[in-house]
Amino acid sequence: MRKTFPPVFVWQEDREPAAGRLRGVVTDEAGDPLPGALVLAATVRGKATTARTDEAGSYVLENVPPGQTVPMAAAWGYDAVNGAPVRAGSGLEVAGVDFVLPARSPRPVTPTDLRIGQPVQATSNFPEPMVATRIPFTFTLDGVTVDVGQIYLPADQARTEIAPSDSSPLPTLFIVYPSRPLNWDAASVGLTRDGFTVLAIGPDGDRGLDMEGHIRDLRAAMQLWVDGKLPIDPPGD
């Protein structure tokens, strides 16, 4: 009689390769350490591990995914830098993965075609019924006409000429609203009650999701104020 035996299946557990470790220093172009800089390594699937540098600019990046990775480093006020490809894993440490970060030089903003609108009355019921003088202004930057700028002056101190005054500068609040400043009209008018001048700016719809463009618009409005091109006194030193 032939004997038959049931099949036997054997499973072998696949173990994930051991992670590795990177070690190095992050400095600026002068060779000075950059404390608090971020160092990151990630897989193609987006799994990342990060570390921060200490006071000496040194870091140890633990749990680096096995295989080849391209680490990067970044710090506030500096351009992010991608390092050379590194093969990590197998529980090994790769030392000398250093980074030199160049200082960030923002693109200059040069707004053109500045246009100052006619003063109009703006009202608010908060914190009490009151009136202020609102002056719109527009400018062009990077081919986009930015038409969201608004200036609010206490009604009894409105300027008749488009030029800074010769008197003592009024306190000025530079406010960045999360939408068009006209949506926040009542708030800006209310702030003029105690003598504040308000320079209000917000995102221009023509920029869409261009975050860098929005930031450049804010810088342009600030630059116009600093250069004395708006009908309010420029900021002091």
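Numbering (my numbering), first residue to last: 184 to 420.
Even glycine gets a Cβ: it sits at the ideal position worked out from N, Cα and C.
Because the structure is a prediction, the values reported are computed rather than measured.
Own chain, CB closer than 7 Å to residue 246, minus 5 neighbours either side, in chain order: In its chain, beyond the 5 residues on either side, 202, 232 have a beta carbon closer than 7 Å to the beta carbon of residue 246.
Helix or strand or just coil, what does DSSP make of residue 399? Helix, per DSSP.
Measuring straight from C-alpha to C-alpha, what distance separates residue 281 and residue 396? When rounded, the distance between both Cα atoms is 32 Å.
Rounded to a whole number of angstroms, what is the C-alpha to C-alpha distance between residue 390 and residue 362? Taking the straight line from one Cα to the other gives about 12 Å.
CB-CB length for residue 407 against residue 302, believed under 8 Å: That pair is no contact at about 17 Å.
Evaluate residue 290 with the Cβ neighbour count: other Cβ atoms within 10 Å of its Cβ, from every protein chain shown; 16 or more gives buried, anything less gives exposed. It is exposed - the Cβ of residue 290 has fewer than 16 other Cβ atoms within 10 Å.
Suppose you measure from the CA of residue 261 to the CA of residue 216; what does that come to, to the nearest Å? Here the C-alpha atom of residue 261 lies approximately 13 Å from the C-alpha atom of residue 216.
Is residue 256 closer than 9 Å to residue 227 when the C-beta atoms are compared? In this structure, residue 227 lies away from residue 256, with their beta-carbon atoms at least 9 Å apart.
At what residues does the alpha helix (DSSP H) containing residue 296 begin and finish? Residue 296 -> not in any alpha helix (DSSP H); beta strand (DSSP E) instead, spanning 295-299.
Give the straight-line distance between the Cα atoms of residue 372 and residue 320, rounded to the nearest whole angstrom. Roughly 17 Å separates the two Cα atoms.
Using only the alpha-carbon positions, how far apart do residue 312 and residue 385 sit? Cα to Cα, residue 312 sits roughly 25 Å from residue 385.
Look up residue 393 in the DSSP assignment and say whether it is helix, strand or coil. Per DSSP, reduced to three states, the secondary structure at residue 393 is coil, with no helix or strand assignment.
Check residue 325 in the structure and name its three-state DSSP category. Here residue 325 sits in coil by DSSP.
Residue 237 versus residue 243 - alpha carbon distance: Straight across, the Cα-Cα distance linking residue 237 with residue 243 is about 10 Å.
What are the uninterrupted segments assigned as beta strand (DSSP E) that are 3 or more residues long and contained completely in the segment 199-240, given in chain order? Here the runs fully enclosed are 203-211, 221-225, 231-235.
Cβ shell of residue 314 (< 6 Å), same chain only, five flanking positions each side left out: If we look at residue 314 and ignore the five residues flanking it on each side, its Cβ neighbours are 304, 306, 338.
Classify residue 333 as buried or exposed, calling it buried when 16 or more other Cβ atoms lie within 10 Å of its own Cβ. Here residue 333 is buried: its Cβ has 16 or more other Cβ atoms, across all protein chains shown, within 10 Å.
Secondary structure of residue 247, DSSP reduced to three states: Of the three classes helix, strand and coil, the one that applies to residue 247 here is strand, per DSSP.
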